[in-house]
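Engineer: The following block contains the structure, expressed as structure tokens.
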Amino acid sequence: YNNNSLSWDRSYKELESFVKEFGHAKVPQRFPSNPSLGMWVFNQRKRYKKYLKGASLSSMTADRIQLLNKVGFEWDCHN
Numbered sequence: 382y383n384n385n386s387l388s389w390d391r392s393y394k395e396l397e398s399f400v401k402e403f404g405h406a407k408v409p410q411r412f413p414s415n416p417s418l419g420m421w422v423f424n425q426r427k428r429y430k431k432y433l434k435g436a437s438l439s440s441m442t443a444d445r446i447q448l449l450n451k452v453g454f455e456w457d458c459h460n
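Those letters in the sequence shown? Residues 382 to 460, by the working numbering.
Shown next as structure tokens:
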């Protein structure tokens, strides 16, 4: 379990809190009260696109996709 995984898990927990508070997972890329969460969500979408193209260097995994789907993550969201 590396540092990258711990950081991902922490951001995922922040996303869960966002969903509880706002009722959706559409975190704006520029989210003033938690800018790093907005950037994290943006990066998940980028990594997902790479994953779909078969990029072996993408840090996106099937497990992470499943977790993000569980909270209603918007994979294609233009904000």
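Glycine included, every Cβ here is placed at the ideal spot set by N, Cα and C.
May I ask which residues mark the beginning and end of the alpha helix (DSSP H) holding M441?
Structural biologist: Here the question's residue 441 lines up with position 60 in the sequence shown. First-last for M441: undefined, no H or E at that position.
Engineer: Leaving out five residues on either side along the sequence, give the residues of the same chain with a beta carbon under 6 Å from the beta carbon of V408.
Structural biologist: As a first step, residue 408 must be located in the sequence shown, where it is residue number 27. Result list for V408: F399, L418, G419 and V422, in chain order.
Engineer: To which residues of the same chain is S388 closer than 8 Å at the C-beta, ignoring the five residues directly before and after it?
Structural biologist: Here residue 388 refers to the residue found at position 7 when the sequence shown is read from its first residue. Cβ neighbours of S388 beyond the five flanking positions: none.
Engineer: Helix, strand or coil for W421? Go by DSSP, reduced to three states.
Structural biologist: In the sequence shown, the residue the question calls residue 421 occupies position 40. Residue state, collapsed to three classes: helix.
Engineer: Decide if L396 is buried, meaning its Cβ has at least 16 other Cβ atoms within 10 Å, or exposed.
Structural biologist: Taking the sequence shown and counting its residues from 1, the one referred to as residue 396 is at position 15. Result: buried.
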